[in-house]
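Beneath this line is the structure, given in structure tokens, with notes to follow.
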Amino acid sequence: MSRPFGALQVAHQFIESHVRPGAFCIDATAGRGNDTVFLASLVGETGKVLAFDIQPEAVESTRALIGERGCSGFARVVLDSHANMARYAAPGSVDCIVFNFGWLPGGDHSVNTRAESSIAARNSAEIIAQNTTSEISP
Numbered sequence: 031m032s033r034p035f036g037a038l039q040v041a042h043q044f045i046e047s048h049v050r051p052g053a054f055c056i057d058a059t060a061g062r063g064n065d066t067v068f069l070a071s072l073v074g075e076t077g078k079v080l081a082f083d084i085q086p087e088a089v090e091s092t093r094a095l096i097g098e099r100g101c102s103g104f105a106r107v108v109l110d111s112h113a114n115m116a117r118y119a120a121p122g123s124v125d126c127i128v129f130n131f132g133w134l135p136g137g138d139h140s141v142n143t144r145a146e147s148s149i150a151a152r153n154s155a156e157i158i159a160q161n162t163t164s165e166i167s168p
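Counting from 31, one number per residue, gives the positions in the sequence shown under our numbering.
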């Protein structure tokens with residue numbers, strides 16, 4: 031039985047239609063690592079995926095999933111805020127950046143995405159993302 035069609039499926043379809051093997055992608059909010067390995071499946075061994083999370087539990091979960099899916103050679107997760115992503119990527123070098131705001135599934139709901147760091151992350155994303163023409167407007 032297929033899953034109901036929703037926002038996640040729309041986002042994944044859009045990303046799949048734009049991200050190619052060899053791309054450099056960032057998962058700004060790693061969580062349990064599902065988006066990290068999704069991006070890794072698109073970029074393949076010639077690409078790179080970098081994921082961020084501020085919770086050690088999320089980093090451990092994501093690191094384990096990366097290893098289980100055989101992506102550890104080209105995907106990694108760091109314990110740092112997504113607000114600091116520009117420290118890890120040169121301006122104009124990133125092909126895709128995904129955010130999944132909220133809290134860690136099954137984790138402490140008092141630790142969640144905050145507006146201050148998310149706005150800083152969005153501003154950093156604008157600098158490090160490749161300047162390409164988009165098919166959708168902001």
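Here a beta-carbon is modelled for each residue, glycine too, at the ideal position from N, C-alpha and C.
Considering only residues of the same chain and omitting the five flanking positions on each side of residue i, which have a CB-CB separation below 6 Å?
| i | result |
| --- | --- |
| Asp110 | Phe82 |
| Ala53 | Val73, Gly77 and Asp125 |
| Arg93 | Val107 |
What does a CB cutoff of less than 8 Å around residue i pick up in its chain, not counting 5 residues either side in sequence?
| i | result |
| --- | --- |
| Gln160 | Gly122, Ser123, Val124 and Asp125 |
| Glu165 | Unreliable positioning characterises Glu165 in this predicted model, as indicated by a pLDDT of 47, which lies under 50. A coordinate reading is not provided. |
Mind checking whether the beta-carbon of residue i lies closer than 7 Å to any heavy atom of the ligand MN?
| i | result |
| --- | --- |
| Ile149 | The model on display carries no ligand, and the ligand MN is accordingly not part of it. |
Could you give the distance in angstroms between the alpha-carbon of residue i and the alpha-carbon of residue j?
| i | j | result |
| --- | --- | --- |
| Ser148 | Glu75 | 29 Å |
| Gly36 | Glu46 | 15 Å |
| Gly63 | Glu146 | 23 Å |
| Val128 | Gln43 | 13 Å |
| Arg152 | Val141 | 19 Å |
| Ala70 | Ala150 | 25 Å |
Could you tell me if residue i is buried or exposed, where buried requires 16 or more neighbouring beta carbons within 10 angstroms of its beta carbon?
| i | result |
| --- | --- |
| Phe68 | buried |
| Ser102 | exposed |
| Val40 | exposed |
Look up residue i in the DSSP assignment and give the residues it is bridged to.
| i | result |
| --- | --- |
| Val107 | Ala81 |
| Phe54 | Lys78 |
| Asn142 | Trp133 |
| Cys101 | Looking at the DSSP assignment, Cys101 forms no beta bridge with any residue, so it has no partner. |
Once the 5 residues before and after residue i are set aside, which same chain residues still bring their CB inside 7 Å of it?
| i | result |
| --- | --- |
| Ala116 | Ser154, Ile157 and Ile158 |
| Asn130 | Thr59, Gly61 and Asp65 |
| Ser91 | Arg62 and Gly63 |
Inset, instruction - May I ask you to verify whether the segment 71 to 88 touches the segment 125 to 141, counting CB pairs closer than 8 Å and requiring at least 3? - result: yes
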